[in-house]
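For the sequence shown, the UniProt record's numbering assigns the number 1 to the initial residue and increments by one for each residue that follows.
For glycine and all other residues, C-beta sits at the position ideal for the given N, C-alpha and C.
In what follows, a single structure is set out as structure tokens and then discussed.
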Amino acid sequence: MYGSSTQFRNWTFQDEKEVANLRTQANADFINKFGSHMTEEEQDSHFLNVYEERMMVHSYENTLKDFCKKFRDPRDSRIRMLPSVMTTAQHYFKRFYLYNSVMDYHPKEILVTCVYLACKIEEFYVTINDFVHNVRGDKKKAAEIILNNELQLTQELQFNLIIHQPFRPVEGLLIDIKTRFQKLQDPERLRPYIEDFLEKVNLTDAIVLYSPGQIALAAVTTAVSRLGDNLDQYVTDILFPGEQREHLAVLVEAVRKIKKMVKNVEPPMSDSKRREIESKLERCRNQQNNPNSSQYRANYSEIDEDDLPIAQSPVHEDMGVERLRSPSAY
Numbered sequence: 001m002y003g004s005s006t007q008f009r010n011w012t013f014q015d016e017k018e019v020a021n022l023r024t025q026a027n028a029d030f031i032n033k034f035g036s037h038m039t040e041e042e043q044d045s046h047f048l049n050v051y052e053e054r055m056m057v058h059s060y061e062n063t064l065k066d067f068c069k070k071f072r073d074p075r076d077s078r079i080r081m082l083p084s085v086m087t088t089a090q091h092y093f094k095r096f097y098l099y100n101s102v103m104d105y106h107p108k109e110i111l112v113t114c115v116y117l118a119c120k121i122e123e124f125y126v127t128i129n130d131f132v133h134n135v136r137g138d139k140k141k142a143a144e145i146i147l148n149n150e151l152q153l154t155q156e157l158q159f160n161l162i163i164h165q166p167f168r169p170v171e172g173l174l175i176d177i178k179t180r181f182q183k184l185q186d187p188e189r190l191r192p193y194i195e196d197f198l199e200k201v202n203l204t205d206a207i208v209l210y211s212p213g214q215i216a217l218a219a220v221t222t223a224v225s226r227l228g229d230n231l232d233q234y235v236t237d238i239l240f241p242g243e244q245r246e247h248l249a250v251l252v253e254a255v256r257k258i259k260k261m262v263k264n265v266e267p268p269m270s271d272s273k274r275r276e277i278e279s280k281l282e283r284c285r286n287q288q289n290n291p292n293s294s295q296y297r298a299n300y301s302e303i304d305e306d307d308l309p310i311a312q313s314p315v316h317e318d319m320g321v322e323r324l325r326s327p328s329a330y
């Protein structure tokens, strides 16, 4: 399935250098478009460089993760967002900023659009009204931003919206271990460590470099290692016996690199550094894509209140439901 998917053909890249080159090109394209009249020194001081862009994207990847984990259905606060929704949204977000600059499309608006679109694709039903009840501030404006960006996001993703995730391969591995490698006692105890690994891997470029199966094996073997055991015999004697050994070296190298990427994932930047880059971004961003600008308003007509009814939230503040900031407040 994965080998014949659009994810493999269009969104799985050869190496980290190819991914870095795409980001560099997106940054250069924006600067050439809006700063061609400036000197190189003026461009350096006015626009974000590639490193600053990458820091911003990574910071908002963490924000996206927090948004999904704190998300509540306003009609039943016990309902939590599915991990598959967060993983799909992370894929969308990372893909979008391989070919686009944060100076063109601010991450605070693309982030919520990615999550809303992922809810649809992963069949986590939530209306736009209920969705924006998870943000503070002007809910009508938040809904307008999401709906205006949804088609643009879909186009930038080349309409490749189905994401193959590592959750099913993980389940397959656990069932196989229980059946054919009973030396490992109680594989269910691995789950918390596997979940932690899969959450962290979304913050790395591994998800656009490696297959879901490779990521799943990296997650399971990491979990086993954290419990002081290993799966070497299972991998060499059961997964890849005899004539299949020729594929083992490639798999081992892929798993090693995935683990290294997760181990070295950067923490979110400091609040002071984020404010500094945010301030610079506000000065150089494309105003045609800024919901607070007159250029943006000229491109998008107002959504009628009759078309976008925002109902009073059935969840009261005294119910203890954690509220999230609006896109414009990030």
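- Distance between Asp-229 and Val-250, taken at the CA atoms: about 23 Å.
- Contact between Ser-5 and His-164 is confirmed by a C-beta separation of about 6 Å, below the 8 Å threshold.
- Rounded to the nearest angstrom, the gap between the Cα atoms of Leu-48 and Thr-88 is 27 Å.
- The distance from the Cβ of Lys-178 to that of Pro-187 is about 6 Å, consistent with a contact at the 8 Å cut-off.
- Taking all protein chains shown into account, Ser-211 has 16 or more neighbouring C-beta atoms within 10 Å of its C-beta and is therefore buried.
- Ile-258 carries a helical assignment under DSSP once its states are collapsed to helix, strand and coil.
- Our two residues, Glu-42 and Arg-274, have alpha carbons roughly 22 Å apart in a direct line.
- Bridge pairing for Asp-73: Asp-76 [DSSP].
- Per DSSP, reduced to three states, the secondary structure at Thr-63 is helical.
- The segment 23 to 37 makes no contact with the segment 215 to 223; the number of CB pairs closer than 8 Å stays below 3.
- Shown here, Phe-47 sits in coil according to DSSP, grouped into three states, outside any helix or strand.
- For His-91, the enclosing alpha helix (DSSP H) begins and ends at 83 to 99.
- Following the DSSP letters along the chain, one finds Phe-30 inside the alpha helix (DSSP H) bounded by residues 16 to 34.
- Secondary structure note for Ser-272: its alpha helix (DSSP H) is the uninterrupted segment 271 to 284.
- Distances from the alpha-carbon of Ala-254 to those of Glu-16, Leu-203, Glu-156 and Met-1 put Glu-16 closest.
- Shown here, Tyr-125 sits in coil according to DSSP, grouped into three states, outside any helix or strand.
- Here Phe-71 is buried: its Cβ has 16 or more other Cβ atoms, across all protein chains shown, within 10 Å.
- In the assembly as shown, Ile-175 is an exposed residue. Its beta-carbon has fewer than 16 other beta-carbons within 10 Å.
- Judged by DSSP in its simplified three-state form, Asp-104 adopts coil rather than helix or strand.
- CA-to-CA, the gap between Phe-96 and Met-56 works out to about 13 Å.
- Taken through DSSP and simplified to helix, strand or coil, Lys-183 comes out as coil.
- Taking C-beta separations shorter than 8 Å and ignoring five residues to either side along the sequence, the partners of Gly-35 in its chain run Glu-42, Gln-43, His-46 and Phe-47, following chain order.
- Counting C-beta pairs closer than 8 Å gives fewer than three between the segment 287 to 296 and the segment 112 to 121, which falls short of the contact rule.
- For the pair of segments examined, the segment 113 to 127 was found to touch the segment 150 to 161: the number of CB pairs separated by less than 8 Å reaches three.
- Scanning its chain for C-beta atoms nearer than 6 Å, with the 5 sequence neighbours on each side dropped, one finds around Gly-213 the residues Pro-169, in chain order.
- For His-58, the CB contacts under 8 Å within the same chain, skipping 5 residues up- and downstream, are Leu-203, Glu-266, Pro-268 and Met-269 in chain order.
- In the structure shown, the three-state DSSP call for Gln-158 is coil.
- Here Ile-215 is buried. Its C-beta has 16 or more other C-beta atoms within 10 Å.
- Distances from the alpha-carbon of Pro-166 to those of Glu-150, Glu-199 and Asn-148 put Glu-199 closest.
- Between the beta-carbon of Arg-189 and that of Ile-238 there is about 20 Å, and that puts the pair past the 8 Å contact cut.
- Rounded to the nearest whole angstrom, the C-alpha separation of Leu-161 and Thr-39 is 40 Å.
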